Amino acid sequence: MNRATTSFIAALVTATVLSPRASTAMNIQMFDLLMDEDQREYVEYLVEVTRRVFIEMNQKDAAEKVEVLFEAERSGGHQSVGERQIRDILQRMRSFNAERPNSPLRFDVEGAMLQTLVNNGIDIPNQFRRNLDQRLREKPFWPRRPTRKG
13 MNRATTSFIA ALVTATVLSP RASTAMNIQM FDLLMDEDQR EYVEYLVEVT RRVFIEMNQK
73 DAAEKVEVLF EAERSGGHQS VGERQIRDIL QRMRSFNAER PNSPLRFDVE GAMLQTLVNN
133 GIDIPNQFRR NLDQRLREKP FWPRRPTRKG
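Structure representation (structure tokens):
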């Protein structure tokens with residue numbers, strides 16, 4: 013390995029370690045490799061962490077709205093309204109990435125969660141994403157099942 017390649021790899025590893033965004037967000041490709049049960053558990057995990065962050069930020073009304081959004085089941089379905097909306101947003105994100113493979117924009121599951129909240133009239137304070145990322149780093153999600161083959 014030449015010196016330039018070594019320097020680039022070192023910079024990339026350093027940026028990944030120091031960047032909370034890169035180290036906590038689950039990209040869509042990784043989410044898609046999870047088994048269905050783990051995907052559901054990851055969304056439940058995000059909902060719980062989101063509620064806790066709102067409560068810590070003294071936004072109890074927002075925490076209650078999140079709880080209602082993710083507990084109310086769509087008629088005839090097994091998913092909550094919020095989970096269905098996250099999955100719809102993830103599908104639009106996948107389509108965007110497929111249509112624009114060279115786009116620098118890459119989406120993550122947490123972004124789909126935040127968009128779901130905004131779409132349902134839940135205000136997101138400026139500090140919220142930083143606090144959410146911090147909580148996700150403190151106690152990361154670990155799938156309990158083997159992943160699918162990519």
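Throughout, the numbering used here is defined as the position within the sequence shown, counted from one, plus 12.
Don't be surprised by glycine CBs; every beta carbon is placed ideally from N, CA and C.
Quick caveat, the model's predicted, so the values are computed rather than measured.
In the displayed model, N70 falls within coil according to three-state DSSP, outside both helix and strand. Distance between F108 and R118, taken at the CA atoms: about 9 Å. Boundaries cannot be given for N138, as no alpha helix (DSSP H) includes it and DSSP labels it neither H nor E. Comparing alpha carbon positions, the residue from V121, V61, I134 and N70 closest to L148 is V61. Under the three-state reduction of DSSP output, N114 falls in the coil class, being neither helix nor strand. Counting along the chain, the unbroken alpha helix (DSSP H) around F43 starts and ends at I40 to L45. With respect to the C-alpha of Q41, the residue from A110, W154 and N132 having the closest C-alpha is A110. T128 sits buried, since 16 or more C-beta atoms from the chains shown fall within 10 Å of its C-beta. With a contact defined as Cβ atoms closer than 8 Å, Y57 and F140 miss out at about 17 Å. If you draw a straight line from the Cα of R63 to the Cα of E76, it comes to about 8 Å.
Counting the other Cβ atoms within 10 Å of the Cβ of V130 gives fewer than 16, which makes it exposed. Between the C-alpha atoms of L81 and E53 there is a straight-line separation of about 16 Å. E95 has its alpha-carbon roughly 7 Å from the corresponding atom of V55. Contact between N114 and M69 does not hold, since their C-beta atoms are separated by about 37 Å, which reaches or exceeds 8 Å.
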